[in-house]
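If you count by this note's numbering, then the sequence shown holds residues 828 to 931, one letter each, in order.
From the three backbone atoms N, C-alpha and C, an ideal C-beta is built for every residue, glycine too.
Owing to the predicted nature of the structure, the values given are computational and were not obtained by experimental measurement.
Down below is the structure, laid out as structure tokens.
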Amino acid sequence: MNIDGELAVRHVQTWWADGENAATVSEGYDRMEDGQLIDDERYFYSGTGAVGKTSASCKSPEHPEQRLYGVVQVYAPGRSDAKAMKKLVLAYTEALDSSSACHR
Numbered sequence: 828m829n830i831d832g833e834l835a836v837r838h839v840q841t842w843w844a845d846g847e848n849a850a851t852v853s854e855g856y857d858r859m860e861d862g863q864l865i866d867d868e869r870y871f872y873s874g875t876g877a878v879g880k881t882s883a884s885c886k887s888p889e890h891p892e893q894r895l896y897g898v899v900q901v902y903a904p905g906r907s908d909a910k911a912m913k914k915l916v917l918a919y920t921e922a923l924d925s926s927s928a929c930h931r
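If you want it as structure tokens, here you go:
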């Protein structure tokens, strides 16, 4: 999402190996500094970035040995809110789990 022509927030849906956790996936993205790993390593969040791992039932024939992850990055200057990012990544991952991206 751009605001005044500048990137403010970015969200990504990405497939990674089933054995990965949210922290290792977060290493592939910026805005994840000083984050916390929670809930059996399914969620990682910082003040400006977050990663959520969908449930084991989220499958895709195109990605048989992978899990879907949701990534959110905040680029707006001066915006950092870990509590809000935690809430956002939990809701975003839940929405991904019930979306058409997860072929059941």
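For Glu-892, the CB contacts under 8 Å within the same chain, skipping 5 residues up- and downstream, are Ala-844 and Asp-845 in chain order.
Approximately 7 Å separates the beta-carbon atoms of Gly-879 and Arg-869; this is inside 8 Å, confirming the contact. For Tyr-896, the enclosing beta strand (DSSP E) starts and ends at 893–901.
The C-beta of Lys-913 has 16 or more other C-beta atoms within 10 Å across all chains shown, which makes the residue buried. Listed in chain order, the non-local C-beta contacts of Tyr-856 below 7 Å within the same chain comprise Gly-876, Val-898 and Gln-900, local neighbours out to five positions each way being set aside. For Pro-904, the closest of Gly-874, Ala-849 and Ala-883 by C-alpha to C-alpha distance is Gly-874. Closest in C-alpha terms to Ser-925, from the list Ala-883, Asp-908 and Val-852, comes Ala-883.
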